[in-house]
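In the working numbering, the protein residues as written are 270 to 574. Glycine included, C-beta positions come from ideal geometry on N, C-alpha and C. Note that the coordinates shown come from a computational prediction; the quantities given were computed from them, not determined experimentally. Structure first, commentary second.
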């Protein structure tokens, strides 16, 4: 079996590493890859946004399975292009990837189908957003609506910082900004594979560290590191996450004509003193750095999962 990993980061390195250890994989490629990935796969110098070139490579080299790491190719419709050419690829199509590429799409889905999420509101004009600040804080939670590489969220008690965040996030892709009710709680990440309209496999819960400095200080990053198991995630909480958020979300997408397949990655917040999880946001692919931890736990071959 020939496999291709799309991406060039640490997440893709561990995906390639896990696939290289799978007895079902005979040849492994990565595009574009990196020097670490080159130790376990053949790297191909094709950028992750060159969708047609990636599809041509997969067709020409008779790739049996393509695994997408980062969000940008999913947002650009790589799965749609591959499927039209009858190439097997793991990940959601462009329509389903909106669960990540548009926070307002995800939040609307939650609101419509009563999936627990903090109170929220979206704005496309800075003046309207700034005028509405008093309804949400302090503290204020300001988010970019579109993709922001894990850096589109500001939590602050300083009104000037909140106003600056509004102006900054409105310049990103999508041109919309969200305010979200602040919930005093702790965060955890839950990843599940989804196919045929069902949650198939739920990984262990993770916690990651987003602030750039020690002590949870400094601006957020895509993730400085992560760990599992999370002592505060009980079996009952895990079941609650699956039954009140993950499964209803997949079912809600199906009911609205959106067929998700791939990894649904949930960043949730749990109120202190409860086991009540709320949706902060979804990713439509393996989390980073959570993927590195998950791949280290895979023992029976990644393709089977």
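Close Cβ partners of residue i (< 7 Å) along its chain, the five nearest in sequence each way excluded
i	result
residue 399	432, 435
residue 395	435, 436, 439
residue 329	none
residue 547	385, 386, 387, 452, 537, 538
Proximity winner among the options, relative to residue i (alpha-carbon distances)
i	options	result
residue 323	378, 273, 410, 437	273
residue 516	461, 563, 497	461
residue 397	446, 437, 385	446
residue 561	270, 276, 275, 282	282
residue 426	451, 456, 380	451
residue 499	458, 490, 468	458
residue 349	441, 363, 490, 337	363
residue 301	275, 356, 422	275
residue 496	442, 566, 486	566
residue 234	506, 521, 298, 405	As displayed, the chain neither begins before 270 nor continues past 574, which places residue 234 out of reach and without an answer.
residue 385	474, 513, 464	513
residue 291	278, 306, 270	270
residue 266	471, 321, 361, 535	Look at the range of the chain in this structure, 270 to 574, and you will see that residue 266 is not part of it.
residue 280	474, 491, 351	491
residue 535	352, 311, 509	509
residue 504	331, 474, 528, 342	474
residue 442	311, 572, 418, 464	418
residue 305	295, 331, 288, 277	277
residue 325	381, 472, 355	355
residue 393	429, 414, 353	414
Supposed contact pair residue j and residue i - C-beta distance, whole angstroms, cut 8 Å
i	j	result
residue 531	residue 293	Wrong, their Cβ atoms sit about 19 Å apart, outside the cutoff.
residue 344	residue 327	In fact, because the Cβ distance is near 19 Å, the residues do not count as touching under 8 Å.
residue 410	residue 448	7 Å
residue 453	residue 541	6 Å
residue 357	residue 321	That pair is no contact at about 18 Å.
residue 455	residue 347	Wrong, their Cβ atoms sit about 34 Å apart, outside the cutoff.
residue 563	residue 472	5 Å
Close beta carbons around residue i, own chain, < 8 Å, minus the five adjacent residues each side
i	result
residue 525	378
residue 488	420, 480, 481
residue 493	477, 478, 479, 480, 481, 558
residue 468	461, 462, 511, 515, 516, 519, 533
residue 340	366, 369, 370, 416, 552, 553, 554
residue 318	341, 342, 345
Residues of its chain near residue i, where Cβ-Cβ distance is below 6 Å and the 5 sequence neighbours each way are ignored
i	result
residue 368	375, 551, 553
residue 308	none
residue 389	376, 447, 449
residue 286	309
residue 391	373, 445, 447
residue 506	544
residue 351	324, 358
Three-state secondary structure assigned by DSSP to residue i
i	result
residue 219	Lying outside 270 to 574, the shown extent of the chain, residue 219 is not represented and no answer is given.
residue 572	coil
residue 313	coil
residue 356	coil
residue 345	coil
residue 271	strand
residue 283	helix
residue 296	strand
residue 370	helix
residue 306	helix
residue 390	strand
residue 276	strand
residue 337	strand
residue 410	strand
- Query: Can you list the beta strand (DSSP E) stretches of 3 or more residues lying completely in the region 477-521, in chain order?
  - Reply: 486-496
- Query: Can you give, in chain order, each stretch of the alpha helix (DSSP H) that sits fully within the region 412-481 and has at least 4 residues?
  - Reply: 428-439
- Message: Runs of 4 residues minimum, wholly inside the region 518-556: which ones carry the alpha helix (DSSP H) assignment?
- Response: none
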